[in-house]
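For what it's worth, my numbering labels the leading residue of the sequence shown as 88, then goes sequentially.
Where is the CB? At the ideal position from N, CA and C, for every residue including glycine.
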Amino acid sequence: MKLIRGIKNLKQQFKKSVLTIGIFDGVHLAHQKIIKKVVRQAKALKGTSMVATFHPHPLRTLSSSAATPMISSLEHRIDLINRLNVDVCLLLDFNKEFSRMCAEDFIKDILVDAVGINCLILGKGFRFGKERKGTFALLKKLSKTYGFNVRRIEPVKINGEIISSSKIRALIQKGKIKEANKFLGRAFSIFGKVKKGNARGRVLGYPTANITPLQEIVPLAGVYAVKVLTDNKIFPGVLNIGCRPTFTRKLPCAHTIETHIFNFHNKIYGKRLEVFFIQRIRPEKKFATHKALLAQIKKDEVKAKKILTPKI
């Protein structure tokens, strides 16, 4: 996939471009449906599949209030889009100047003149341009003027509930990982770099990789069954998010993310990992003794292995 950062770096129009536009935070099932439709349509036309996404999130440019945590970092979002076999990802800088562009200018200057659009495929409810005045009706009208097609994809539902990034975000923050994964259409994951910790896990016989995540959203504190991708290999493991209350005197404190990878002895300090969350096992708990903690860790390991073992 070719990544183009900024409309100024779009030096050429691509052949028969089929485009979708959105934030695509989390690249969930509904996003995937739209993007896969773009890829199929581009192949049918022997054209170019394109995804345009915004950075930063428009609300961060338009509002001074507390920012909503993103499900995926920008790097992760781009990687997830790439996995869907898209030809070109266009990263649009959503700054103050861009936010003042009216809907009609966005269509003419960006879609028509810069991209040379052949077909635009959007999710229902997509709005664009200054004050979000750009609507599907406006696109339909101007598509006839400028000679491109526009299509709208209906929302995707699971058990009657519309899939949305805000819904998934809430599930992750509540620790409801299995439910979040259904809406994502994949296991929720975090990218992170392994840093040195205090080696308490190693002393207990359970060495852990201490991870600093790149994205903003982190699941509710607790113990999780996970899979870890490192050096292009997947390993099962168990992860703890929290403040290690058995060892911490002053509460509350900053949360840490510690992952014990089963039967793994490689040195990975400084390496990047992707950790896939499969299921929450239990909330974090303070134990009276290290012995009691160790006994619980062993139970967590057994339960995690059971969760991660494929059902026949």
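For residue i, the nearest candidate out of the options (CA to CA)
i      : options                        : result
ARG128 : GLY113, LYS102, ALA296         : Sequence inspection shows Gln at residue 128; the Arg mentioned does not correspond to that position. Out of GLY113, LYS102, ALA296, LYS102 has the C-alpha closest to the C-alpha of GLN128.
LYS372 : LYS358, VAL310, GLU345, LYS354 : VAL310
PHE374 : VAL114, ALA382, SER186         : ALA382
SER159 : LEU301, ASN268, LEU395         : LEU301
LEU179 : GLY247, LEU229, LYS227, ILE94  : ILE94
HIS115 : LYS280, GLU266, VAL315         : GLU266
PHE275 : GLU361, LEU132, MET188         : GLU361
ARG239 : ASN350, ILE121, LYS378         : ILE121
LEU161 : LEU229, ALA139, GLN99          : ALA139
GLY329 : GLN100, VAL126, THR299, GLY212 : THR299
ASP166 : ALA224, LEU307, PRO143, GLY113 : GLY113
N-terminal and C-terminal residue of the beta strand (DSSP E) that residue i is part of
i      : result
HIS401 : Because the chain is modelled from 88 through 399, residue 401 falls outside the range shown and cannot be assessed.
LEU90  : 89 to 92
ASN297 : 296 to 300
Buried/exposed call for residue i, threshold 16 Cβ in 10 Å
i      : result
ARG219 : exposed
PRO323 : buried
GLN119 : buried
THR346 : buried
THR396 : exposed
HIS352 : exposed
HIS342 : exposed
GLY357 : exposed
TYR293 : buried
ASN268 : buried
ARG170 : exposed
ALA117 : buried
PRO156 : exposed
ASP174 : buried
Nonlocal neighbours in the same chain, by C-beta distance under 6 Å from residue i, ignoring five residues either side
i      : result
ILE91  : LEU97, LEU177
ASN327 : VAL310, GLU345
TYR233 : VAL199
Cβ-based neighbour list, residue i, same chain, cut-off 7 Å, excluding 5 preceding and 5 following
i      : result
GLU388 : VAL325
SER104 : GLY134, THR135, MET137, VAL202, GLY203, ILE204, ASN205
ILE249 : PRO242
THR148 : PHE181, ASN182, LYS183, SER186
Beta-carbon contacts of residue i that lie in its chain and below 8 Å, excluding the five residues immediately before and after
i      : result
LYS390 : ALA312, ILE368
LYS394 : The sequence shown places Ile at residue 394, not Lys. Hits under 8 Å: ALA312, ILE365, GLN366, ILE368.
PRO145 : ILE110, PHE181, SER186
LYS254 : GLU248, PHE270
LYS227 : VAL237
ARG214 : LYS220, GLY221, THR222
Complete runs of the beta strand (DSSP E) confined to the region 204 to 246 [at least 3 residues]: 204 to 210, 236 to 240
Can you give, in chain order, each stretch of the alpha helix (DSSP H) that sits fully within the region 304 to 379 and has at least 4 residues? none
Residue ranges of each alpha helix (DSSP H) within the region 105 to 187, 4 or longer: If we require 4 residues or more, the alpha helix (DSSP H) runs fully inside the region 105 to 187 come out as 116 to 132, 145 to 149, 161 to 169, 183 to 186.
Whole alpha helix (DSSP H) runs in the region 240 to 281 with 4 or more residues, listed along the chain? 252 to 260, 264 to 271
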